[in-house]
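Read the structure below first, then the notes.
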Amino acid sequence: MTTHQLADKGGILSTSSRPDSTKSITTGDKEPGAEINTLPNDPKSTVSSMKDESFNEQATDEEPRSWRFWLVLASLCLALLAVSLDITVMSVALPTISRAIEGADEQYVWISSSFLLASTVVQPFISQLADIFGRRWPMLLSVALFMLGSGIIGGAKSVAMLIAGRTVQGLGGGGQFVLIEIVACDMVPLRERGQFLGMVNSAGAIGSTLGPILGGVIAQKDWRWIFFMNLPLSGVTFAVQAFYLRLNYKKNPTWGAALAKIDYSGSFIFIASMSALLLGLIMGGTIYNWGTYHIIVPLVLGGVGWIVFHVYEALPICKVPSVPPHLFGTRTSLIGFFLGFDAALLLLWATSFLPVYYLGVLGKTPLSAGVELLPFMIFSVPSGIVAGGIMAKIGKYKPFHFIGFGISAIGFGLFTLLGPDSHKAMWVCFEIIASIGMGVLMITVLPAIQANLSDADNASSAGLFSFMRSFGFMWGIAIPAIIFNNQTDKHLHMIQDPTVAAAFAGGKAYSLVSSGYVQSLALEVKKEVIDMLVVALKPVWYGGMAFSLLGFVLAFAEKHVEMRTQLDTEYGLEKESKSTSTEVHP
38 MTTHQLADKG GILSTSSRPD STKSITTGDK EPGAEINTLP NDPKSTVSSM
88 KDESFNEQAT DEEPRSWRFW LVLASLCLAL LAVSLDITVM SVALPTISRA
138 IEGADEQYVW ISSSFLLAST VVQPFISQLA DIFGRRWPML LSVALFMLGS
188 GIIGGAKSVA MLIAGRTVQG LGGGGQFVLI EIVACDMVPL RERGQFLGMV
238 NSAGAIGSTL GPILGGVIAQ KDWRWIFFMN LPLSGVTFAV QAFYLRLNYK
288 KNPTWGAALA KIDYSGSFIF IASMSALLLG LIMGGTIYNW GTYHIIVPLV
338 LGGVGWIVFH VYEALPICKV PSVPPHLFGT RTSLIGFFLG FDAALLLLWA
388 TSFLPVYYLG VLGKTPLSAG VELLPFMIFS VPSGIVAGGI MAKIGKYKPF
438 HFIGFGISAI GFGLFTLLGP DSHKAMWVCF EIIASIGMGV LMITVLPAIQ
488 ANLSDADNAS SAGLFSFMRS FGFMWGIAIP AIIFNNQTDK HLHMIQDPTV
538 AAAFAGGKAY SLVSSGYVQS LALEVKKEVI DMLVVALKPV WYGGMAFSLL
588 GFVLAFAEKH VEMRTQLDTE YGLEKESKST STEVHP
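Take the sequence shown: its letter number 442 is residue 479 in our numbering, and every next letter is one higher.
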């Protein structure tokens, strides 16, 4: 039975690093060492004969990783830096753009959300393309689309051009999100992935941290350069990857054979249903109230469509599913995908509503609120890198899920203590505590999922994980916004001015506070509003604590599976002695 066949049955091929004479095959959630069959550890054995020696450029203790490995890794970091900068810079630049382009202030929701919508729905489709055509060409296409979208926005003269540019950017950014993780997984064994993913994600955290600051500075001069600066950054990424991102893959004999493997029907169902669902999340509480049919209908259609998609993927008629059902074949991998969703949800929960506290309660400006988030962004990076390094040493992922969700729960609990008179040291320390927990989670969940799968599933598992993470980001804004708006409606009696109370009513509180409205009020009314916001925020923090504890409890259901120390993929870096034309044709 081949490695791919084992993967299709929800199993993994676990190769022991012990200097003994056997290799054991373990399946799914069975405890390590539960042998189904033993094979001689011989180069001429059946397992060894199934591998093509040209597939991988693997580093061993005797053979250090090449300069090309580190150059490709640096290009992945640069790609994520550019995309992360672009996402976060928009929050600060949008008011300036709205003043510069007529009608932009009325369409701000679509200008800001079109990127996230496009980047989320495309990820599983891109991961399947990476399996069919190799990693290099989809990556280059994604970088090129991101550059094209940046150019369109930079030269935009109308709202339509802005939205179109953000959508094209989103297609390229979503492709890069998933392909960065796929390529990183192809380059290093499972046990080391947390460590290297931590390095790559640190670039994303740096971009997210610098984005609001750079956006505020550049927008004062010429907002168009916020997007034009993506061109040299992504241009360097494109050049490096065009020359050095040479990965092996199993080529199809013809273009027709390659195109026939694409899951057209499944991809259409997925993109259509997810677009409907995400549109409901985007419009809820901003354009329409959550209880209206404008929101309920797309949410229901999207949810039903998502179920139909997974049913279709499991049918015999779907020959090559974009999301193979065996990805959910074990309890640990199934829980892992939810934990990835939960971790992303918590990250956006905190980073979306801490600014509400800074803006509405403490009276900070939008730029100052972004600066106050720096401790959160800064400390999430080293915590993730350290967790990945320790995980590589001990070969265990489950303890980090307990640590991450446990610390996150403590952090959200501490946020409930924040008020209008809280000392700066309080919120800085609370931020750091919460960020450490979330930084650990963002690095350690994907390796846990892939421990239950073979390396042949790197693309599909990373693609689904990346989608679940982006999906979690959307809900990480929507759920706390619903809680917050409902709580403000419930406590409007705390505001004596009927005009101000009416402004906060009907689910408008979140967008109103984010716009800086509170600071324009008279002193006495402002104090009443601040008192109401403190009360309304407490259930928001308790909600974050509840989702943290849910992740903590679900981690008990995970089972430990031995993390592979050898790379068993056909997509590894080419050996440097090979021709550079390996991945030109399908």
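Note that beta-carbon positions come from the ideal geometry of N, C-alpha and C, so glycine has one too.
Ranking T329, L352, A167, M266 by CA distance to the CA of V215 puts A167 first.
The DSSP-derived three-state label of L490 is coil. The beta carbon of P392 is closer than 6 Å to those of A406 in its chain, skipping five residues each way along the sequence. Distance check between I354 and each of S548, A496, Y301 places Y301 closest, using alpha-carbon atoms only. The DSSP-derived three-state label of Y145 is helix. The beta carbon of L247 sits closer than 7 Å to the beta carbons of L122 from its chain, once the five residues preceding and following it are set aside; these are given in chain order. Counting only the Cα atoms, V109 lies some 44 Å from L399. Looking at the backbone, the Cα of I415 and that of A462 are separated by about 16 Å. One Cα belongs to R283, the other to V341, and the distance between them is close to 40 Å. According to the DSSP assignment, S498 belongs to the alpha helix (DSSP H) that extends over 495 to 527.
In its chain, beyond the 5 residues on either side, L314, G317 have a beta carbon closer than 7 Å to the beta carbon of L336.
Just measuring C-alpha positions, the residue of G192, V550, G211 sitting nearest L178 is G211. Boundaries of the alpha helix (DSSP H) harbouring W343: 330 to 351, taken from the DSSP string. Just so you know, the alpha carbons of F390 and N289 end up roughly 49 Å apart. Cβ neighbours of A594 within its own chain (closer than 7 Å, five residues either side excluded): R368, I372. When the Cα atoms are used, V159 and A197 turn out to be separated by approximately 21 Å. Annotation for F275: the continuous alpha helix (DSSP H) segment containing it runs 267 to 281. Taking 4 residues as the minimum length, the alpha helix (DSSP H) runs contained wholly in the region 362 to 421 are 368 to 393, 403 to 409, in order along the chain.
When Cβ pairs closer than 8 Å are counted between the two stretches, the region 581 to 593 is seen to touch the region 441 to 450, the count reaching three or more. Around F233, the same chain offers A221, V225 as residues with beta carbons nearer than 6 Å, after the five sequence neighbours per side are excluded. Contact between I319 and V146 holds: their C-beta atoms lie close to 6 Å from each other, under 8 Å. Rounded to whole angstroms, the gap between the alpha carbons of L490 and R228 is 13 Å. In this structure T525 touches A546 by the C-beta definition: roughly 4 Å separates them, less than 8 Å. Taking every protein chain shown into account, the CB of V537 has 16 or more other CB atoms within 10 angstroms, so this residue is buried. Separation of G426 and K435 (C-alpha to C-alpha, rounded to the nearest whole angstrom) is 14 Å. Listed in chain order, the alpha helix (DSSP H) runs fully inside the region 159 to 230 are 160 to 170, 173 to 191, 196 to 224, counting runs of at least 4 residues. Rounded to the nearest angstrom, the gap between the Cα atoms of G581 and L352 is 38 Å. Counting C-beta pairs closer than 8 Å gives fewer than three between the region 527 to 536 and the region 183 to 202, which falls short of the contact rule. The beta carbon of S503 lies closer than 7 Å to those of Q160, F214, V215, E218 in the same chain, with the five residues before and after it left out. Here L383 is near M475, since their CB atoms are less than 8 Å apart.
Separation of the CB atoms of I243 and I255 is rounded to 17 Å, and the pair is thereby denied contact status at 8 Å. Beta-bridge pairing by DSSP links Y325 to G321. In its chain, beyond the 5 residues on either side, G421, I422, G425, I480 have a beta carbon closer than 6 Å to the beta carbon of G235.
With at least 16 other beta carbons inside 10 angstroms of its own, V598 counts as buried.
Taking all protein chains shown into account, I344 has fewer than 16 neighbouring C-beta atoms within 10 Å of its C-beta and is therefore exposed. If the five residues before and after M569 are omitted, its C-beta is found closer than 7 Å to the C-beta atoms of T525, H528, M531, I532, all from its own chain and listed in chain order.
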